[in-house]
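Residue numbers (the working numbering), protein chains in the order written: chain A, 1 to 351; chain B, 352 to 702. Every residue gets a Cβ at the ideal spot worked out from N, C-alpha and C, and that includes glycine.
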């Protein structure tokens, strides 16, 4: 075994002051040393098996400066902007996010939480929360600071940063009602999730405000927030509600699945069926037709969640809270006034 | 200060066998204990400030079971599938990925590498590599196992998992040439990146194979792989090459930017201009018109990169290598035979 290398010995070998080595060994201060010198010191340090050892510091301080972020589905384009917001806020204070993509399966989520806790994350940001979340029990039992983002729990026992879902559905229903739609079908997300539940509640409230609850309260439940689930739900809409002139989907992926189904039936959007999404995910403006949707401020959601975490970690006595961001309606080409007789023709064809 | 809690004391307090506490404290074995008991033990452990301490183990073994992944742009839809592949392969062996989104800026990348190294990552997977990458010097100086994914370095001094870029461009040029296009413009990515450089080289080689190099070797350089850069480049194409009938973009985001520009000029794709992308990113099939593109196997790229890393970490004497995956052409609606006279009309209008 080689002799244990110390910071002082390393400085002597390199002929530099030990404070220079110290600065290079601490990532927080390394920028104070020129890149050339830093590289030379790091190379020599690696040669002697001496590495910047933040882990030892973490062991002393019980702080790792890592925040774990658990996502349900990184292929859903709404999550990258949330992550960007989290990273932007964390980076400003020298924190790094460990991002893990855990899926919706509870056992897998538990495994990922175990992995994150084992890495001594200082805190967790969960984008995976269900309305009654056993994983959250598990996180609280372990004593780690936890905040949920995008989705909240019914109990509100931990802070959350979410969209105002009821307001979003009000905007969407108002828009369709003003265009003259009376037969609007809601594609609902999972009722285990706050987004799915509150958007459905918001739909019913907004329909009632327009006096539409009796005549046309049509809801199709979707198995997941995916394009394929949206395609299947649209098939159900066409079979079950031949009088429908508009579909209001609980998210944009579901709305894009409707496009697939309508196309397969030779139906045009918006002439034969208006479709409104929810999220304004990236590229929603480029699809055919460009998607009318509710814009949710995902980046800001991430920033707020990270700031809550950082205040907690700095022992700021911030209580639990729910931060609810206002959405806005984005008008594009997938919604239009119902064509006189369009639904009637479909109803006749279906009869 | 409370008395230091040990595993044995904790077991005694809870009235369980110490081996049960040991299993719960190790995330790798926690699944062997029922969720209810695990939660009770974790809750009691948290109460006494006793937490599963992987950091102490890491300090002894110098292994953290974390692989750092550095991305240039998480909002580019090609990266989530690469990440999924990396995570899938790592998870099977109990490793976790720390994902950090560093951007293309070198100083920021250096900061992120410092942060990752400070967390004692066992290895790095860089999706950020440039053809001559100073950050890679920096990683090598620190002695950490490093592999690049999606982009490679010219020197090939570290292993990389990439797409066969030259083959991809051959497929795209063959397709356009077979449709009858002679005036094809390439929107080239950054020449500092292997993807940008090799796709440009591949374009020139493929054009020469069709005897098109003399008559129509038209290339527009793009400042970044973004939709906005593609829009600007398409403006240049329309102004500089009025005879062009097809655009072959170095990635899908550039191709989507062409859609924006063509639309603004009242030009139709593919009737007035064929557009072919590169990547087959998610949702490329849903845009208007659906994008003809080169499918790159991003998920598999991630799997291969993670497997290279895992073999290294298991001291498998695997040498440096370049793994090059075969792409395929995906035919959709954005490419068609050039319309007789279409470019001529534009040329006349531009004259």
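By DSSP's criteria, residue 124 of chain A is part of a beta bridge. Which residues make up the other side? Working through the first chain from its first residue, we reach residue 124 of chain A at position 124. A:68 and A:146.
Taking the alpha helix (DSSP H) that residue 166 of chain A falls in, what are its first and last residues? By one-based count along the first chain, residue 166 of chain A stands at place 166. Taken as a continuous stretch (DSSP letters only), the alpha helix (DSSP H) holding residue 166 of chain A covers 165-179.
The region 71-87 of chain A in contact with the region 19-27 of chain A per 3-pair CB rule at 8 Å: No: the two stretches stay apart, fewer than three of their Cβ pairs being nearer than 8 Å.
Classify residue 682 of chain B as buried or exposed, calling it buried when 16 or more other Cβ atoms lie within 10 Å of its own Cβ. In the second chain, counting from the first residue as 1, residue 682 of chain B sits at position 331. That one is exposed.
Considering only residues of the same chain and omitting the five flanking positions on each side of residue 472 of chain B, which have a CB-CB separation below 8 Å? Along the second chain, read from residue 1 onward, the residue named residue 472 of chain B stands at position 121. Same-chain partners within the cutoff: 415, 417, 418, 419, 449 and 495.
Identify the contact partners of residue 714 of chain B in chain A, using a Cβ-Cβ distance below 8 Å as the criterion. Outside the shown range of chain B, which is 352 to 702, sits residue 714 of chain B, and nothing can be said about it.
Touch check for the region 605-615 of chain B and the region 581-592 of chain B: three-plus C-beta pairs under 8 Å? Verdict: yes, contact present.
Within this structure, are the beta carbons of residue 246 of chain A and residue 308 of chain A separated by less than 9 Å? As a position in the first chain, residue 246 of chain A is number 246, starting the count at 1. As a position in the first chain, residue 308 of chain A is number 308, starting the count at 1. In this structure, residue 246 of chain A sits away from residue 308 of chain A, with a CB-CB distance that is not shorter than 9 Å.
Just the Cα atoms here: how many angstroms apart are residue 367 of chain B and residue 398 of chain B? Against the second chain, residue 367 of chain B aligns to sequence position 16. Against the second chain, residue 398 of chain B aligns to sequence position 47. Near 17 Å, if we compare the C-alpha coordinates of residue 398 of chain B and residue 367 of chain B.
Can you give the beta carbon distance from residue 197 of chain A to residue 268 of chain A, rounded, assuming they're within the 8 Å contact cut? Counted from its first residue, the first chain places residue 197 of chain A at position 197. Counted from its first residue, the first chain places residue 268 of chain A at position 268. The Cβ separation is near 32 Å, so there is no contact.
Going by C-alpha to C-alpha distance, which of A:333, A:278 and A:253 sits closest to residue 170 of chain A? Translated into positions along the first chain, residue 170 of chain A becomes position 170. That would be A:278, whose Cα lies nearest to the Cα of residue 170 of chain A.
For residue 137 of chain A, return the contacting residues in chain B, with the cut-off set at a CB-CB distance below 8 Å. Here the question's residue 137 of chain A lines up with position 137 in the first chain. Contact of residue 137 of chain A with chain B by beta-carbon distance below 8 Å involves 390.
Endpoints, the alpha helix (DSSP H) within which residue 248 of chain A is located: The sequence position of residue 248 of chain A within the first chain is 248, counting from 1. It is not in any alpha helix (DSSP H) - residue 248 of chain A instead sits in the beta strand (DSSP E) that spans 246-249.
Comparing C-alpha positions only, which one of B:454, B:392, B:511 and B:506 sits nearest to residue 675 of chain B? Residue 675 of chain B sits at position 324 when you count from the first residue of the second chain. Checked all of B:454, B:392, B:511 and B:506; the closest Cα to residue 675 of chain B is B:511.
Alpha-carbon spacing of residue 591 of chain B relative to residue 666 of chain B, whole angstroms: Position 240 of the second chain holds residue 591 of chain B. Position 315 of the second chain holds residue 666 of chain B. Spanning the alpha carbons of residue 591 of chain B and residue 666 of chain B requires a straight line of approximately 55 Å.
Taking only beta-carbon positions, decide if residue 288 of chain A is within less than 9 Å of chain B. Working through the first chain from its first residue, we reach residue 288 of chain A at position 288. Residue 288 of chain A belongs to the set of residues whose beta carbon lies under 9 Å from a beta carbon in chain B.
Starting from residue 186 of chain A, trace the beta strand (DSSP E) in both directions and tell me its first and last residue. As a working mapping, residue 186 of chain A is identified with position 186 in the first chain. Residues 184-188.
If we count the other Cβ atoms within 10 Å of its Cβ and call it buried at 16 or more, is residue 387 of chain B buried or exposed? Taking the first residue of the second chain as 1, we reach residue 387 of chain B at position 36. Taking all protein chains shown into account, residue 387 of chain B has fewer than 16 neighbouring C-beta atoms within 10 Å of its C-beta and is therefore exposed.
Based on Cα-Cα distance, which residue from B:535, B:588 and B:602 lies nearest to residue 546 of chain B? For the purposes of this step, residue 546 of chain B is taken as the residue at position 195 of the second chain. Closest in C-alpha terms to residue 546 of chain B, from the list B:535, B:588 and B:602, comes B:602.
May I ask you to report which of helix, strand or coil DSSP gives residue 544 of chain B? Start at 1 with the first residue of the second chain, and residue 544 of chain B comes out as number 193. Collapsing the DSSP output to three states places residue 544 of chain B in coil.
Which stretch, first to last residue, makes up the beta strand (DSSP E) that contains residue 294 of chain A? Position 294 of the first chain holds residue 294 of chain A. Per DSSP, the continuous beta strand (DSSP E) segment holding residue 294 of chain A begins and ends at 293-295.
Assign residue 624 of chain B to buried or exposed, taking buried as 16 or more other Cβ atoms, counted over all protein chains shown, within 10 Å of its Cβ. By one-based count along the second chain, residue 624 of chain B stands at place 273. Burial call: buried.
I want to verify the contact list: residues of chain B whose CB lies under 8 Å from the CB of residue 352 of chain A, in sequence order. Since the displayed chain A opens at 1 and closes at 351, residue 352 of chain A lies outside it and no answer follows.
What are the start and end residues of each continuous beta strand (DSSP E) run of 3 or more residues lying completely inside the region 204-286 of chain A, in chain order? Within the region 204-286 of chain A, the beta strand (DSSP E) runs of at least 3 residues that lie entirely inside it are, in chain order, 218-221, 246-249 and 274-276.
Verify the CB distance criterion: does residue 463 of chain B have a CB-CB separation below 9 Å to chain A? As a working note, residue 463 of chain B is residue 112 in the second chain. At least one chain A Cβ lies under 9 Å of residue 463 of chain B.
Which class does residue 7 of chain A belong to by DSSP, given the choice of helix, strand or coil? Your numbering for residue 7 of chain A matches position 7 in the first chain. In the three-state reduction of the DSSP assignment, residue 7 of chain A falls in the helix class.
So which residues on chain A does residue 450 of chain B lean against when the C-beta distance must stay under 7 Å? The sequence position of residue 450 of chain B within the second chain is 99, counting from 1. Chain A residues near residue 450 of chain B: 99.
Can you tell which of B:491, B:550 and B:557 has the C-alpha that lies nearest to the C-alpha of residue 576 of chain B? On the second chain, residue 576 of chain B is found 225 positions in, with the first residue counted as 1. For residue 576 of chain B, the nearest C-alpha among the options comes from B:550.
Would you say residue 329 of chain A and residue 292 of chain A are within 9 Å of each other, going by their C-beta atoms? Working through the first chain from its first residue, we reach residue 329 of chain A at position 329. Working through the first chain from its first residue, we reach residue 292 of chain A at position 292. Contact: yes.
At a Cβ threshold of 9 Å, is residue 16 of chain A touching chain B? In the first chain, counting from the first residue as 1, residue 16 of chain A sits at position 16. For residue 16 of chain A, the nearest beta carbon of chain B is not closer than 9 Å to its own beta carbon.
Can you give me the Cβ contacts of residue 626 of chain B inside the same chain, cut-off strictly under 6 Å, excluding the 5 residues immediately before and after it? Translated into positions along the second chain, residue 626 of chain B becomes position 275. 598, 606, 609, 620 and 685.
For the pair the region 124-138 of chain A and the region 150-157 of chain A, tell me if three or more CB-CB distances fall below 8 Å. Touching, yes.
As assigned by DSSP and simplified to three states, the class of residue 134 of chain A: In the first chain, counting from the first residue as 1, residue 134 of chain A sits at position 134. In the structure shown, residue 134 of chain A falls within a helical segment according to DSSP collapsed to helix, strand and coil.
Rounded to whole angstroms, how far is the Cβ of residue 656 of chain B from the Cβ of residue 476 of chain B, which I believe are closer than 8 Å? Here residue 656 of chain B refers to the residue found at position 305 when the second chain is read from its first residue. Here residue 476 of chain B refers to the residue found at position 125 when the second chain is read from its first residue. That belief holds up - the Cβ atoms of residue 656 of chain B and residue 476 of chain B are roughly 5 Å apart, short of 8 Å.
Would you mind reading off the limits of the beta strand (DSSP E) that contains residue 451 of chain B? Translated into positions along the second chain, residue 451 of chain B becomes position 100. Where residue 451 of chain B is concerned, the enclosing beta strand (DSSP E) stretches over 447-452.
Just reading off the alpha helix (DSSP H) that residue 300 of chain A is part of, what are its end residues? Taking the first residue of the first chain as 1, we reach residue 300 of chain A at position 300. Taken as a continuous stretch (DSSP letters only), the alpha helix (DSSP H) holding residue 300 of chain A covers 298-313.
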